[in-house]
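Enquirer: In my numbering, the protein residues as written are 1201 to 1511. Just so you know, even glycine gets a beta-carbon here, dropped at the ideal spot from N, CA and C. All values derive from a computational prediction rather than experimental measurement. Structure in structure tokens, see below.
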Ligand SMILES: [Zn+2]
């Protein structure tokens, strides 16, 4: 179903005067997960009303914005547009201060899940790296709970400033660009971040090399199917903040191809996020979602774009 953006929301977004249409963009010729080149266009606009097109790879079912903003344009987006845009969408202030309550709640819930694996891990689990760690609330919580030393990397300066106050070592930037000079970590977190990356396969390869041999990776996704089924709308599930839209099938393939064994899976209480704890394993370079899963996704999207929302 194509939903209509309410007038007040439309006005709040327009008042930001963010010229999405004139941002520098790049068109992706190959799928980041499987390398395929056969795409199906799923939708032509996002939840804010911007003309953002989302494609699905016909071969593996990966969904992504195409074209999408360049890394430089995303850098500017995170430095002053992203949080005001999300605030305008929801009609309430969401910034580096207000998000911390929500992040504390999330940290408590995730710690419970992660704790099971950390307790069983080697005693030497001491160094934490939080990729896209925002204000550091989640990392600081885990540092306290498990006695870890924490490093955080995030592109948003206002959020990194908050993390510094919590005693974290901070890096303002993107994981794709930063040189860690041979450092390795016992626990790497990619919390509410993987859908924001520009190169998931490249980042996972990077993380694999940053992780100690018996280290752990925590990663969670916004499940694209849960997101569109929630509002019975693909447009409402697409937003320029997320270059990628993952499902259980596509993240599992990414992790297996990247050389990670999944130890545990958790459906979050918000019914939207799915979390994974992984350890380094042998890369399964041919791991891909089943063709039947890809067909089912495309059929489901097509159905709900044309069917009235069930009561
Ligand atoms: Zn693909």
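Give every residue whose Cβ lies closer than 6 Å to any heavy atom of ligand 1, listed in chain order.
Expert: Listed by chain position, these are 1231, 1233, 1234, 1236, 1257, 1259, 1260, 1262.
Enquirer: How about residue 1375 and residue 1332: are their beta carbons less than 9 Å apart?
Expert: Against the chain shown, residue 1375 aligns to sequence position 175. Against the chain shown, residue 1332 aligns to sequence position 132. Taking 9 Å as the Cβ cut-off, residue 1375 and residue 1332 qualify as a contacting pair.
Enquirer: Does the Cβ-Cβ distance between residue 1346 and residue 1466 come in under 9 Å?
Expert: In the chain shown, the residue the question calls residue 1346 occupies position 146. In the chain shown, the residue the question calls residue 1466 occupies position 266. Going by C-beta atoms, residue 1346 is not nearer than 9 Å to residue 1466.
Enquirer: With respect to the alpha helix (DSSP H) encompassing residue 1341, which residues constitute its N-terminal and C-terminal limits?
Expert: Counted from its first residue, the chain shown places residue 1341 at position 141. Per DSSP, residue 1341 belongs to the alpha helix (DSSP H) from 1337-1346.
Enquirer: For the beta strand (DSSP E) containing residue 1243, name the first residue and the last one.
Expert: Against the chain shown, residue 1243 aligns to sequence position 43. Where residue 1243 is concerned, the enclosing beta strand (DSSP E) stretches over 1239-1243.
Enquirer: Kindly list the residues whose CB is nearer than 7 Å to the CB of residue 1435, restricted to its own chain and excluding five residues on each side of it in sequence; keep chain order.
Expert: As a position in the chain shown, residue 1435 is number 235, starting the count at 1. Same-chain partners within the cutoff: 1202, 1203, 1243, 1245, 1246, 1247.
Enquirer: What does the alpha-carbon distance come out to for the pair residue 1406 and residue 1208?
Expert: Position 206 of the chain shown holds residue 1406. Position 8 of the chain shown holds residue 1208. Their backbone Cα atoms lie some 43 Å apart in a straight line.
Enquirer: How many Å lie between residue 1445 and residue 1414 at the Cα?
Expert: To locate residue 1445, count along the chain shown from 1; it is residue 245. To locate residue 1414, count along the chain shown from 1; it is residue 214. The alpha-carbon atoms of residue 1445 and residue 1414 are separated by roughly 29 Å.
Enquirer: List the endpoints of the continuous beta strand (DSSP E) containing residue 1351.
Expert: Numbered from its first residue, the chain shown carries residue 1351 at position 151. Element bounds for residue 1351: 1349-1354.
Enquirer: Would you list the residues sitting across from residue 1473 in a DSSP beta bridge?
Expert: The residue you call residue 1473 lines up with position 273 of the chain shown. In the DSSP output, where bridge partners are listed per residue, residue 1473 has 1422.
Enquirer: In terms of residue numbering, what span does the beta strand (DSSP E) encompassing residue 1331 cover?
Expert: Locating residue 1331 in the chain shown gives position 131, where the first residue counts as 1. Start and end: 1327-1331.
Enquirer: Could you tell me whether the Cβ atoms of residue 1317 and residue 1477 are closer together than 9 Å?
Expert: Numbered from its first residue, the chain shown carries residue 1317 at position 117. Numbered from its first residue, the chain shown carries residue 1477 at position 277. In this structure, residue 1477 lies closer than 9 Å to residue 1317 by Cβ.
Enquirer: Any contact between the stretch 1386-1398 and the stretch 1356-1365? By contact I mean 3 or more CB pairs, one from each, below 8 Å.
Expert: The answer is no - the stretch 1356-1365 does not touch the stretch 1386-1398, with fewer than three Cβ pairs under 8 Å.
Enquirer: Return the CA-CA distance between residue 1289 and residue 1213, expressed in angstroms with no decimal places.
Expert: Position 89 of the chain shown, counted from the start, is the residue given in the question as residue 1289. Position 13 of the chain shown, counted from the start, is the residue given in the question as residue 1213. Between residue 1289 and residue 1213, the C-alpha separation is close to 7 Å.
Enquirer: List, from N- to C-terminal side, the alpha helix (DSSP H) runs of 4 residues or more that fit wholly inside the stretch 1450-1511.
Expert: With a minimum length of 4 residues, the continuous alpha helix (DSSP H) runs that stay inside the stretch 1450-1511 are 1491-1506.
Enquirer: What does residue 1445 pair with, by DSSP beta-bridge criteria?
Expert: Reading the chain shown from its first residue, position 245 is the one you call residue 1445. Looking at the DSSP assignment, residue 1445 forms a beta bridge with 1263.
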